[in-house]
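Novice: I'd like to ask you about the structure that follows.
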Amino acid sequence: MYSDILNICCIGAGYVGGPTMSVIAYKCPNISVNVVDVNKERIQLWNSSNLDELPIYEPGLKEIIKECRDRNLTFSTKIQERISLADMIFISVNTPTKTKGIGAGQASDLKWVEACAREVATHARGHTIVVEKSTLPVKTAEVIKKILESSISINKTKEKSKSFDVLSNPEFLAEGSAIKDLIDPDRVLIGGENKDAISALNNIYNKWVPQEKILHTNIWSSELAKLTANAFLAQRVSSINSIGALCEATGADIREVSRAIGSDSRIGSKFLDSGPGFGGSCFKKDILNLVYLSKFFGLNEVANFWESVVTLNNWHQHRISTLIIKKLFGTVTGKKISILGFAFKANTNDTRESAAINICKDLLNEGAILEIHDPKVDIKQISKDLNIEVNNKILEFKENYPTYFEGNWCKINNLDDAFDFSDAIVILTEWDEYSKINWQKASYKMRKPCWLFDARSIIKPEILMNTNINLWRIGDGSTI
Ligand code: NAD
Ligand code: UGA
0 MYSDILNICC IGAGYVGGPT MSVIAYKCPN ISVNVVDVNK ERIQLWNSSN
50 LDELPIYEPG LKEIIKECRD RNLTFSTKIQ ERISLADMIF ISVNTPTKTK
100 GIGAGQASDL KWVEACAREV ATHARGHTIV VEKSTLPVKT AEVIKKILES
150 SISINKTKEK SKSFDVLSNP EFLAEGSAIK DLIDPDRVLI GGENKDAISA
200 LNNIYNKWVP QEKILHTNIW SSELAKLTAN AFLAQRVSSI NSIGALCEAT
250 GADIREVSRA IGSDSRIGSK FLDSGPGFGG SCFKKDILNL VYLSKFFGLN
300 EVANFWESVV TLNNWHQHRI STLIIKKLFG TVTGKKISIL GFAFKANTND
350 TRESAAINIC KDLLNEGAIL EIHDPKVDIK QISKDLNIEV NNKILEFKEN
400 YPTYFEGNWC KINNLDDAFD FSDAIVILTE WDEYSKINWQ KASYKMRKPC
450 WLFDARSIIK PEILMNTNIN LWRIGDGSTI
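Be aware that the sequence shown starts at 0, since it is given in numbering that gives the first Met the number 0, and climbs by one per residue.
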């Protein structure tokens, strides 16, 4: 029943399924790893011969795909076939916040997870270990088990040999460092009841992860630990951003405060960078899920505590747009603002919940004209996120002077084009190339008085010394 795993199927070829399975295939050449998805276009991109067209940008990913694809790693839409051949099935589908019905705005929508469980129940053969890779509310394993077991009773006479184990194995990778995180994780968490099933999954990870880093827990602790880890990380970001606002009011500097508190080994230095507010597909969703669960169990004070982390984050993003408007004499109508970075962090093309979305929307609402640059995010994605069509004709020249069409945006691909006649530059993503900009050249092209709003603390004030650019840095009381 628990012989070595030789055939894996992963349902969901997204930011988690794609990189995670690529690393398993890379480290376990004897296992056939098959990633399936309902999204044909995404699968086509995973199979593209041009590795720059992979649907996800992650440093180190394309090299692994090059080595493993067509060796022991496949991407396809053959969901039923791959399920029927697998000894182990990872469920790695999206679990976004519900938009309607009970728990709307907080609870996770589990319809995709449930659909997977039903597919597995119908098409699995023999003994199958089902692994929850998606981030799920506590007790979801119970739902999955019930669906799987119901298929056994229905098919009792026909398929006596069908059986299942369910494990929780949440993923802790961060985007932009996914391959590094997968190859050298801080820990791997496996929650479950059946020791043999746990060991089967343990043995896969143990091909490259030291045993002391593989933690075994009960299934509910594993599910809850994932939500809690994200909630703690997000809480640190909101905490530091709240203190950043206080620095600006008092003359303190958030970088100095971060360093001072982060040197305390009990606090630690990570996740203490003040920025434009946390984004990404998971922090907000997972905290709201925790809030929903707490309320469900009647723990309203616990729910309120965690909800304040998200409230602070929303307030902080709007605080930045309001501040930009104030500095530009109270109005941005008809002013050109260059936005540097649209992804929710550097080294990813993901824009889900990116702070840039709210900040750009606020500025567009006020009539600003935005030129948006991001080295990895494409124009279609920006258009979808802002819900405003791109307008490439954002200006016309009248008597050699530009007149802009208010409330419009366009994308620029060349950074050198970002500064012409700009009233302000706003850095929202910490892409490396933004710290190498020649500010003297930029300042020459901008309309005066001009501003640089650095929400990522990547520009040192001394670099701007010989320019006409006014600098605002997040959490810097000395520039207020
Ligand atoms: P994603 O949206 O990038 O990918 C999910 C994929 O699942 C999509 O391609 C979708 O088409 C596919 N899918 C949905 N239902 C399907 C079905 N029934 N059959 C086949 N395919 C189906 O999502 P993601 O970012 O990879 O996140 C997946 C899960 O992992 C979520 O629960 C998330 O919270 C968690 N997680 C994400 C990250 C991250 O960095 N993105 C990190 C850790 C955990
Ligand atoms: C986060 C967690 O770090 C992962 O462990 C987890 O697996 C993942 O969520 C998930 O469950 O999806 P990710 O969202 O990819 O990973 O990125 P982070 O590096 O955590 O950054 C999240 C947001 O916080 C970004 O917008 C980032 O810019 C911001 N941040 C992070 C700060 O503003 N300051 C910091 O010091 C750190």
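Don't be surprised by glycine CBs; every beta carbon is placed ideally from N, CA and C.
These numbers were taken from a predicted model, which means no experiment stands behind them.
1. In the DSSP assignment, the alpha helix (DSSP H) including Val-22 goes from what residue to what residue?
2. Using 10 angstroms around the beta-carbon of Ile-101, count the other beta-carbons present and answer buried if the total reaches 16, otherwise exposed.
3. Comparing the CB of Asp-272 with every heavy atom of ligand 2, is any distance shorter than 7 angstroms?
4. Mind reading off the beta-carbon distance from Ile-381 to Asn-407? Whole number of angstroms is fine, and I expect it under 8 angstroms.
5. Take Trp-219 as the anchor and find which of Asp-195, Leu-287, Thr-428, Val-142 has the nearest alpha-carbon.
6. Going by alpha carbons, who is nearest to Thr-134 out of Gly-16, Glu-247, Ala-120?
7. Any heavy atom of ligand 1 inside 7 angstroms of the beta-carbon of Thr-255?
8. Tell me the DSSP secondary structure of Cys-281 in three-state form.
9. Mapping DSSP to helix, strand and coil, what is Ala-106?
10. If you follow the alpha helix (DSSP H) that Asn-357 is in, where does it begin and where does it stop?
11. Who are the Cβ neighbours of Val-389 in its own chain at under 7 angstroms, not counting the five residues just before and after it?
12. Hey, would you say Val-129 sits closer than 8 angstroms to Ile-88, going by beta carbons?
13. Flag Asn-229 as yes when its Cβ comes closer than 7 angstroms to any non-hydrogen atom of ligand 2, and as no otherwise.
14. Express the C-alpha separation of Asp-164 and Leu-200 in angstroms, rounding to a whole number.
15. At what residues does the alpha helix (DSSP H) containing Gly-553 begin and finish?
16. Put Ala-12 into one of helix, strand or coil per three-state DSSP.
17. Taking C-beta to C-beta, are Ala-354 and Ile-338 nearer than 8 angstroms?
18. So, with DSSP's three-state summary, where would you put Lys-410?
19. When you compare each of Ile-336, Ile-260, Asn-71, Val-309 to Asn-233 by their alpha carbons, which one comes out closest?
20. How many whole angstroms separate the CB atoms of Glu-174 and Lys-61, which I take to be in contact at a CB cut-off of 8 angstroms?
21. Could you compute how far the alpha carbon of Phe-304 sits from the alpha carbon of Asn-71?
22. What's the call for Arg-265, buried or exposed, on a 16-neighbour Cβ count within 10 Å?
23. Is Cys-281 a contact residue of ligand 2, with contact defined as CB to any heavy atom under 7 angstroms?
24. Less than 7 angstroms separating the Cβ of Asp-36 from some heavy atom of ligand 1?
25. Looking only at DSSP bridge pairs, what is Lys-335 linked to?
26. With Cys-27 and Arg-81 assumed to form a contact (beta carbons below 8 angstroms), what rounded beta-carbon distance in angstroms separates them?
27. Please state if the CB of Val-236 and the CB of Ile-213 are separated by a distance shorter than 8 angstroms.
28. Which residue wins for smallest C-alpha separation from Phe-257, given the options Asn-229, Ile-473, Glu-306, Gly-104?
29. Classify Ala-103 as buried or exposed, calling it buried when 16 or more other Cβ atoms lie within 10 Å of its own Cβ.
30. Under 8 angstroms, with one C-beta from each stretch per pair, do the region 419-426 and the region 437-454 reach the 3-pair mark?
31. Return the residue from the list Ala-24, Lys-225, Asp-415 that minimises the CA-CA distance to Met-445.
32. What's the C-alpha gap between Val-374 and Lys-39?
33. Output the residue ranges of the beta strand (DSSP E) runs that lie fully inside the region 69-95 and measure 3 residues or longer, sorted by chain position.
34. Taking its Cβ as the centre, do 16 or more other Cβ atoms sit within 10 Å of Lys-110, making it buried, or is it exposed?
35. Going by the beta-carbon positions, is the gap between Leu-181 and Pro-18 smaller than 8 angstroms?
36. For the alpha helix (DSSP H) that Trp-45 lies in, which residues bound it at each end?
Specialist: In short, the structure shows the following:
1. Working through the sequence shown from its first residue, we reach residue 22 at position 23. That run of the alpha helix (DSSP H) goes 16-26.
2. As a first step, residue 101 is located in the sequence shown; it is residue number 102 there, counting from the start. Burial check for Ile-101: the Cβ neighbour count within 10 Å stays below 16, so the residue is exposed.
3. Within the sequence shown, the letter at position 273 stands for residue 272. True, at least one ligand heavy atom lies under 7 angstroms from that Cβ.
4. Reading the sequence shown from its first residue, position 382 is the one you call residue 381. Reading the sequence shown from its first residue, position 408 is the one you call residue 407. Actually they do not touch by this definition, with Cβ atoms about 13 angstroms apart.
5. Mapped onto the sequence shown, residue 219 falls at position 220. Nearest option by C-alpha distance: Val-142.
6. By one-based count along the sequence shown, residue 134 stands at place 135. Of the listed residues, the one whose Cα sits closest to Thr-134 is Gly-16.
7. The count along the sequence shown starts at 1 and reaches residue 255 at position 256. For clarity, residue 255 is Glu in the given sequence; the question names Thr instead. Glu-255: no, Cβ never under 7 angstroms from ligand 1.
8. Walking along the sequence shown from the start, residue 281 turns up at place 282. In this structure, Cys-281 counts as coil in the three-state DSSP scheme.
9. As a first step, residue 106 is located in the sequence shown; it is residue number 107 there, counting from the start. Of the three classes helix, strand and coil, the one that applies to Ala-106 here is coil, per DSSP.
10. As a working mapping, residue 357 is identified with position 358 in the sequence shown. 354-364 is the span of the alpha helix (DSSP H), which, as asked, contains Asn-357.
11. Within the sequence shown, the letter at position 390 stands for residue 389. Here the set comprises Ile-378, Ser-382, Trp-408, Cys-409, Lys-410.
12. Locating residue 129 in the sequence shown gives position 130, where the first residue counts as 1. Locating residue 88 in the sequence shown gives position 89, where the first residue counts as 1. At the C-beta level, Val-129 and Ile-88 come within 8 angstroms of one another.
13. Taking the sequence shown and counting its residues from 1, the one referred to as residue 229 is at position 230. Under cutoff, so the answer is yes.
14. Looking up residue 200 in the sequence shown gives position 201. Looking up residue 164 in the sequence shown gives position 165. For Leu-200 and Asp-164, the gap between their C-alpha atoms comes out near 11 angstroms.
15. There is no way to answer for residue 553, as the model of the chain reaches only from 0 to 479.
16. Within the sequence shown, numbered from 1, the residue matching residue 12 stands at position 13. Residue state, collapsed to three classes: coil.
17. Counted from its first residue, the sequence shown places residue 354 at position 355. Counted from its first residue, the sequence shown places residue 338 at position 339. Cβ distance not < 8 angstroms, so Ala-354 and Ile-338 don't count as in contact.
18. Position 411 of the sequence shown holds residue 410. Note: Lys-410 maps to strand in three-state DSSP.
19. Along the sequence shown, read from residue 1 onward, the residue named residue 233 stands at position 234. According to the sequence provided, residue 233 is Ala. The question's Asn does not apply to it. Comparing Cα-Cα distances from Ala-233 to each of Ile-336, Ile-260, Asn-71, Val-309, the minimum goes to Val-309.
20. Residue 174 sits at position 175 when you count from the first residue of the sequence shown. Residue 61 sits at position 62 when you count from the first residue of the sequence shown. That pair is no contact at about 15 angstroms.
21. Here residue 304 refers to the residue found at position 305 of the sequence shown. Here residue 71 refers to the residue found at position 72 of the sequence shown. Cα to Cα, the separation comes out at about 46 angstroms.
22. The residue labelled residue 265 in the question sits at position 266 within the sequence shown. Arg-265 is exposed by the Cβ-count criterion.
23. Taking the sequence shown and counting its residues from 1, the one referred to as residue 281 is at position 282. True, at least one ligand heavy atom lies under 7 angstroms from that Cβ.
24. Start at 1 with the first residue of the sequence shown, and residue 36 comes out as number 37. Correct: Asp-36 has its Cβ closer than 7 angstroms to ligand 1.
25. For the purposes of this step, residue 335 is identified with residue 336 of the sequence shown, where counting begins at 1. Its beta-bridge partners are Ile-368.
26. Here residue 27 corresponds to residue number 28 of the sequence shown, with the count starting at 1. Here residue 81 corresponds to residue number 82 of the sequence shown, with the count starting at 1. Not confirmed; about 17 angstroms, so no contact.
27. In the sequence shown, the residue the question calls residue 213 occupies position 214. In the sequence shown, the residue the question calls residue 236 occupies position 237. Result no, Cβ atoms of Ile-213 and Val-236 do not sit closer than 8 angstroms.
28. Counted from its first residue, the sequence shown places residue 257 at position 258. Sequence check: residue 257 is Ser here, not Phe. Answer by Cα proximity: Ile-473.
29. One-based indexing of the sequence shown puts residue 103 at position 104. The residue in question, Ala-103, is exposed, as its Cβ has fewer than 16 Cβ neighbours within 10 Å.
30. yes
31. Numbered from 1 along the sequence shown, position 446 holds the residue referred to as residue 445. With distances taken between Cα atoms, Met-445 lies closest to Asp-415.
32. Residue numbering aside, residue 374 sits at position 375 when the sequence shown is read from its first letter. Residue numbering aside, residue 39 sits at position 40 when the sequence shown is read from its first letter. Here residue 374 is Pro; the residue named in the question, Val, does not match the sequence. Answer to the nearest angstrom: the Cα atoms are 26 angstroms apart.
33. 72-75, 87-90
34. Looking up residue 110 in the sequence shown gives position 111. Lys-110 should be labelled exposed.
35. The residue you call residue 181 lines up with position 182 of the sequence shown. The residue you call residue 18 lines up with position 19 of the sequence shown. Less than 8 angstroms divides the Cβ of Leu-181 from the Cβ of Pro-18.
36. Numbered from its first residue, the sequence shown carries residue 45 at position 46. Its alpha helix (DSSP H) spans residues 39-45.
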